[in-house]
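Engineer:
If you want it as structure tokens, here you go:
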């Protein structure tokens with residue numbers, strides 16, 4: 001149990017286009033989901049906290065107009081990278097936590113975004 | 117989240133126990149110690165977490181010192197598939213965001 005599914009696994013897009021990444025909790029409901037970004041040979045950096053039914057909370061330095069987050073249901077959060085540029089190329093990962101303290105946070109398998 | 121300190125890298129022999137230390141001297145009373153690992157190009161995988169007591173599951177054991185200022189993750193019988201970056205994180209329990217440090221790169225050698 002406690003599976004988070006992320007789609008797509010990888011995507012290549014042209015500069016200036018937008019890309020949407022989906023994060024789904026498959027067997028539990030998640031009022032909160034988290035989006036991370038990871039550049040090569042670096043650790044995960046939290047970008048934003050996605051809140052079901054309300055606005056996302058962005059970490060300092062993350063442009064909310066560029067990284068649009070929507071958490072329309074208790075099992076789905078989406079991250080849209082708008083007007084993508086090559087410097088947005090990265091590994092994007094989402095996570096969520098099943099209810100209760102028995103589990104830790106579960107992470108998706110990540111999305112490798114390459115902007116050309 | 118309280119800051120954690122881990123060694124940059126460790127080598128372990130296959131079949132032997134791997135002991136991964138973590139210092140979290142500023143951890144507060146309501147913060148748990150979480151351990152995750154990340155195999156190359158995958159999302160992090162949850163290993164174990166604890167508050168005060170030692171914990172064991174099918175993957176590993178977590179030993180937390182009595183003063184909670186440090187902990188050790190024990191992989192009882194390391195295999196080549198345990199080669200990964202291991203992250204120790206101190207965080208609250210309810211929808212608290214996790215802040216990842218640099219972690220420990222563990223290489224299991226045959």
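Residue numbers (my numbering), protein chains in the order written: chain X, 1 to 116; chain B, 117 to 226. Where a beta carbon is used, it is the ideal one built from N, C-alpha and C, also for glycine.
How would you label residue 155 (chain B), buried or exposed, when you count the other beta carbons within 10 angstroms and need 16 or more for buried?
Structural biologist: Translated into the one-based positions of the second chain, residue 155 (chain B) becomes position 39. With fewer than 16 Cβ atoms within 10 Å of its Cβ, residue 155 (chain B) is classed as exposed.
Engineer: Listing by chain order, which chain X residues have their CB less than 8 Å from the CB of residue 165 (chain B)?
Structural biologist: By 1-based counting over the second chain, the position of residue 165 (chain B) is 49. Those within 8 Å of residue 165 (chain B) in chain X are 104.
Engineer: So residue 154 (chain B) is in the beta strand (DSSP E); what residue range does that whole segment cover?
Structural biologist: Position 38 of the second chain, counting from 1, holds the residue named residue 154 (chain B). Run containing residue 154 (chain B): 148–154, per the beta strand (DSSP E) assignment.
Engineer: To which residues of the same chain is residue 139 (chain X) closer than 8 Å at the C-beta, ignoring the five residues directly before and after it?
Structural biologist: Any property of residue 139 (chain X) remains undetermined from this structure, which presents chain X solely from 1 to 116.
Engineer: Quick one: Cα of residue 90 (chain X) to Cα of residue 108 (chain X), how far?
Structural biologist: Looking up residue 90 (chain X) in the first chain gives position 90. Looking up residue 108 (chain X) in the first chain gives position 108. In a straight line, the C-alpha of residue 90 (chain X) is about 15 Å away from that of residue 108 (chain X).
Engineer: In terms of DSSP beta bridges, what is residue 166 (chain B) paired with?
Structural biologist: Here residue 166 (chain B) is taken as the residue at index 50 of the second chain, counted from 1. Within the DSSP bridge table, the entry for residue 166 (chain B) names B:149 as partners.
Engineer: For a contact meaning CB atoms closer than 7 Å, what does residue 49 (chain X) contact in chain B?
Structural biologist: The count along the first chain starts at 1 and reaches residue 49 (chain X) at position 49. Ordered by position in chain B, the residues that pass the 7 Å Cβ test against residue 49 (chain X) are 213.
Engineer: What residues from chain B crowd round residue 43 (chain X), counting only those whose CB sits closer than 7 Å?
Structural biologist: The residue labelled residue 43 (chain X) in the question sits at position 43 within the first chain. Under the 7 Å cutoff, chain B gives 216, 217, 218 and 219.
Engineer: On a CA-only basis, which of X:85, X:58, X:114 and X:32 is nearest residue 106 (chain X)? Give me that one, please.
Structural biologist: Residue mapping note: residue 106 (chain X) aligns to position 106 of the first chain, counting from 1. Per the Cα distances, X:32.
Engineer: Can you find a C-beta in chain X that's less than 9 Å from the C-beta of residue 157 (chain B)?
Structural biologist: As a working mapping, residue 157 (chain B) is identified with position 41 in the second chain. Residue 157 (chain B) counts as touching chain X.
Engineer: For the beta strand (DSSP E) containing residue 136 (chain B), list its first residue and its last residue.
Structural biologist: The residue labelled residue 136 (chain B) in the question sits at position 20 within the second chain. 134–139 is the span of the beta strand (DSSP E), which, as asked, contains residue 136 (chain B).
Engineer: So is residue 112 (chain X) in contact with chain B if we call contact Cβ pairs under 9 Å?
Structural biologist: Residue 112 (chain X) sits at position 112 when you count from the first residue of the first chain. Judged by the 9 Å Cβ criterion, residue 112 (chain X) is in contact with chain B.
Engineer: What does residue 150 (chain B) touch in chain X if you count any residue whose Cβ is under 7 Å from its own?
Structural biologist: As a first step, residue 150 (chain B) is located in the second chain; it is residue number 34 there, counting from the start. Residues of chain X passing the Cβ test: 104.
Engineer: According to DSSP, is residue 127 (chain B) helix, strand or coil?
Structural biologist: Counting from one through the second chain, the residue named residue 127 (chain B) turns up at place 11. If DSSP states are grouped into helix, strand and coil, residue 127 (chain B) belongs with the strands.
Engineer: Is the shortest distance between the beta-carbon of residue 162 (chain B) and the beta-carbons of chain X less than 9 Å?
Structural biologist: If you number the second chain from 1, residue 162 (chain B) lands on position 46. At least one chain X Cβ lies under 9 Å of residue 162 (chain B).
Engineer: Taking one C-beta from the segment 77–94 of chain X and one from the segment 29–45 of chain X each time, how about it: are there three or more such pairs within less than 8 Å?
Structural biologist: yes
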